[in-house]
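If you read the protein sequences in the order shown, they are chains A and B.
Residue numbering for the first sequence is 0 to 397, as defined by numbering that gives the first Met the number 0.
Residue numbering for the second sequence is 0 to 312, as defined by numbering that gives the first Met the number 0.
Virtual Cβ for every residue (Gly too), placed ideally from N, Cα, C.
What follows is a set of notes on a single structure, which appears directly below.
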Amino acid sequence: MLLKSCLARSLALLAVGVLVTLMVFPALATAQPARGIRLLPEFTSIVIGREDDARLTVRVANTGKDGEFVDLEIVSPPSGWEARFSDFSFGLRGVYVAAGKEQEVTFRAKPPADAAVSDYTFDLKAITRDKQVQDTLRITIGIQAQGATAEKVQMVTLYPEVSTPAGASIQFNIDLTNQGRTDRTFELVVKGAPQQWTTSVEPAFEKKQISTISLKAGETKGVNLILTPNERQAPGDFPVSFTARSGSVQETLNLKVGVTGSYDILVTTPTGRLNADAVAGQESVMALVVANIGTAEVKGISFSSTKPDGWDIKFEPEKIDTLAAAEIREVSVKIKAPDKTIAGDYAISLNALGQRSSSTKDIRVTVSTPTKWGAVGIGIVVVVVAGLAGIFVRLGRR
Amino acid sequence: MRGMLAVFWKEVSDHMGSRRFLILFAIIGLAGLWATYVAAQSIRSELASNPDSRFVFLRVFTSSSGLLPPFVSFIGFFGPLVGLALGFDAINREMSEGTMSRVLSQPLYRDSVINGKFLAGVATITVMLLSLILIVSGLGLQLIGVPPTQEEMLRLLLFVMTSIIYIAFWLGLAILFSILFRRTATSALGAIALWVFLSFFMVMIAGAAADAAIPVNEGSPPELLVRNANLRQGIMRMSPTTLYDEAIGTIVSPGVRTLGPVLVQQVQGLIPTPLRLSQSLNLVWPQLTTIVALTLVVFAIGYVRFMRQEIRA
């Protein structure tokens, strides 16, 4: 009987304890709140140009255990601004968010044309259809004086100043970037190059001449501006401008081409004959021509020769002080081979050495020996024949 | 003149018919042709590797094949022998046989005899040389197929003329000996001895004399070496053989630029090209005139001796 009453008392105590516990900690029965929504931004503060649209992605999160119909609104946007939520193509006023899921929406804000340079705040509000649960998000949009991303074309080249000798071509590698938001075709114009030069614009890595180039919004393409100064271009600096133009959008790149003078002289003979005749021990004269085939004046041209021992080679005049570009001057060369020269061909070279340029010509000189002893030989034979004739006359006919 | 022509034609027909002449002609002809044939073979292969070389045709006469000397050397060697063979008994055999007094008893001037004999010898030599050269040229044309240029023909003509005059010198010398010596054997031996001396011993004597006068060794300064060489060459040039060799070597080899020793300074800048004919001639003009003068002088001495000789039956 005692045991029975004990058990009954224990059960009663347990039941009371459970009841008390349930009353004190009701949360144990429901671990999450029944409903909750959040607005989660990607950026909270951005800066745009006056002409730009602000676009921001905002996520609507449902933290509750049931799906929620959420209305979206912008609380008192700054005056003049067009602010709205949108998907890719349409405006948005409400979304459905499943339990524990998120929904991305885009917040767009377009400032008025005369928007002052300042910071503008936008309060975004998400509220359930039954107005029970809500969340707000504050976003700041700053307006910059200059549009950070205006309709614009950018041109960049690594080496805007290049030097070249006359006649050789140079190439400017230019990167064009359409920084605007629209696709455009740009007209490419080169100005400032002298008329005799050859000018061409080619796409990078392609061999064709172009005068326009199409660039999609944000696209970058490379073009090569190729300039060839004509052969006889006098040295100097030549500014050249390269313009890309599409409607009101244009950009000019100022380049500079330095043409360096070429120093080049040539020694040759007026007839092109590269051999000369000479008699041993006698002076013979041959004509030589020095031409400046460069584009710059060559100063202080002196002459020398490579010759066998004992030979005497003189130049008249001995020096040319200045030889202008494309000028030709005749020089006479006096060649004297020594008396004892063996008859035949000899190689000599005649050199002209000017400042920064020199030229040499190999000449073959055919040396003959003088024939004065030949007459002596004939004389001896004549004397002998005369002697024989004398003997014939004295002793013959006997 | 008619008398001289009679002697001339008789002598020419004697020469052409004599066994002595035929044997010599056969020797020279066969040796020369064989040398040419062998040389042409090597020229042909040489030509295939170097087709733009100049004076190809002349090489038929100047190329040696290693075994045989070139054609011009055969002429230089055997030519004097032909001259000697044609002349060594020209006068003294007629004397000893007693035909000379019989000839001179004809209505005939005495100088017609010696003139006719000398000219007949020259004519025989000319015929022989010309025919040989033509045969060899024909053979050369056949073998290498390159026709001679104008300058090559001129050089060949000069070679023939010089050789005729040179052989005529030995003919004149032989006739002189046949006048000086009564016995044909003596005159033949004397002439051959002189030929051997001038052709072979002169080289040794010149070398020995030059070394004695200007001793040199390998370490001698170049000036001394040049003087020694010049002296030796000067002594050798006393021999008509040397003169002829130098003259012919220059005429048929256009590449020959100089005959004496050459200092290094002189060849600076020198391009090995052939000389023009006029320059080649200029180079050996002394040799040529000396050969002509020697021939005339030797003949003149023989002429004078013959005209003054006592001729008895």
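Quiz item: Does the beta carbon of glycine 90 of chain A fall short of 8 Å from some heavy atom of the ligand HEM?
Solution: With respect to the ligand HEM, the structure shown offers nothing to examine, as it has no ligands at all.
Quiz item: Taking any Cβ of chain A, which residues in the region 174 to 195 of chain B have a Cβ under 7 Å from it, in chain order?
Solution: none
Practice problem: Hey, could you find the ends of the alpha helix (DSSP H) glycine 137 of chain B is sitting in? | Solution: 109 to 143
Quiz item: Counting only runs that start and end within the region 243 to 308 of chain A, where is the beta strand (DSSP E) found for 3 or more residues in a row?
Solution: 248 to 259, 264 to 267, 274 to 278, 282 to 291, 297 to 305
Quiz item: Nearest CA to the CA of aspartate 244 of chain B: which residue from B:Tyr36, B:Ser72, B:Pro68, B:Arg53?
Solution: B:Ser72
Practice problem: Going by CA-CA distance only, name the one from A:Glu205, A:Gly48, A:Thr163, A:Asn61 that's closest to valine 258 of chain A. | Solution: A:Thr163
Practice problem: Just mark alanine 275 of chain A as buried or exposed, buried being the case when its beta carbon has 16 or more other beta carbons within 10 Å. | Solution: buried
Quiz item: DSSP on threonine 161 of chain B, reduced to helix/strand/coil?
Solution: helix
Quiz item: Which residues in the same chain have their Cβ closer than 7 Å to the Cβ of arginine 393 of chain A, if we skip the five residues on either side of it in sequence?
Solution: none
Quiz item: If you draw a straight line from the C-alpha of glutamine 208 of chain A to the C-alpha of valine 239 of chain A, how long is it?
Solution: 18 Å
Quiz item: What residues of chain B sit near glycine 395 of chain A, judged by a beta carbon separation below 7 Å?
Solution: Tyr108, Asp110
Exercise. Can you grab the Cα-Cα spacing for the pair glycine 97 of chain B / serine 17 of chain B, in whole Å?
Key: 20 Å
Practice problem: Output the distance between the C-alpha atoms of alanine 211 of chain B and glycine 373 of chain A, rounded to the nearest integer angstrom. | Solution: 33 Å
Quiz item: With a Cβ-Cβ cutoff of 9 Å, do isoleucine 312 of chain A and lysine 339 of chain A count as a contact?
Solution: no
Quiz item: Between the C-alpha atoms of alanine 26 of chain A and lysine 64 of chain A, what's the straight-line distance to the nearest angstrom?
Solution: Model confidence at alanine 26 of chain A stands at a pLDDT of 48, short of 50, so the residue's coordinates are unreliable; what they give is reported in the following sentence. So the alpha carbons of these two residues sit roughly 15 Å apart.
Practice problem: Please decide whether isoleucine 250 of chain B counts as near chain A, where near means a Cβ-Cβ distance under 9 Å. | Solution: no
Quiz item: Ordered along the chain, which non-local residues of its own chain (more than five positions away) have a Cβ less than 6 Å from that of proline 269 of chain A?
Solution: Ala286, Val288
Exercise. Please decide whether glycine 373 of chain A counts as near chain B, where near means a Cβ-Cβ distance under 9 Å.
Key: yes
Practice problem: Identify whether alanine 89 of chain B lies in helix, strand or coil by the three-state DSSP scheme. | Solution: coil
Quiz item: Would DSSP call asparagine 216 of chain B helix, strand or coil?
Solution: coil
Exercise. Pull up the distance between the alpha-carbon of leucine 262 of chain B and that of valine 225 of chain B, whole angstroms please.
Key: 8 Å
Exercise. Enumerate in chain order the residues of its own chain whose CB-to-CB distance from isoleucine 42 of chain B is below 6 Å, with the five nearest sequence positions on each side excluded.
Key: Arg58, Ser62, Ile143
Quiz item: DSSP on asparagine 177 of chain A, reduced to helix/strand/coil?
Solution: strand
Quiz item: Apart from the five residues on each side of it in sequence, which residues of its chain come closer than 6 Å, Cβ to Cβ, to isoleucine 341 of chain A?
Solution: none
Self-check item: Exposure label - lysine 215 of chain A; buried when at least 16 CB within 10 Å
Solution: exposed
Practice problem: Please report how far the alpha carbon of phenylalanine 68 of chain A lies from the alpha carbon of serine 85 of chain A, in whole angstroms. | Solution: 17 Å
Exercise. Kindly confirm or deny that the region 232 to 251 of chain B and the region 285 to 294 of chain B touch, where touching means at least three C-beta pairs closer than 8 Å.
Key: yes
Quiz item: So, helix, strand or coil for glutamine 232 of chain B, using DSSP?
Solution: helix
Quiz item: Are the beta-carbon atoms belonging to leucine 157 of chain A and asparagine 172 of chain A less than 9 Å from one another?
Solution: yes
Quiz item: How many angstroms separate the CA atom of glycine 90 of chain A from the CA atom of alanine 82 of chain A?
Solution: 10 Å
Quiz item: Out of curiosity, what's the CA-to-CA distance linking glutamine 105 of chain B and leucine 170 of chain B?
Solution: 26 Å
Practice problem: Check the Cβ-Cβ distances between leucine 387 of chain A and every residue of chain B, and say whether any is below 9 Å. | Solution: yes
Practice problem: Could you list which residues in chain B have their beta carbon closer than 9 Å to that of tyrosine 345 of chain A, in chain order? | Solution: Gln267, Gly268, Leu269, Ile270
Quiz item: Under 9 Å between C-beta atoms, does alanine 292 of chain B make it to chain A?
Solution: yes
Self-check item: Beta carbon proximity, serine 277 of chain B to chain A, threshold 9 Å
Solution: yes
Quiz item: Who are the neighbours of glutamine 264 of chain B on chain A, taking C-beta pairs under 8 Å?
Solution: Pro307, Asp308, Gly309
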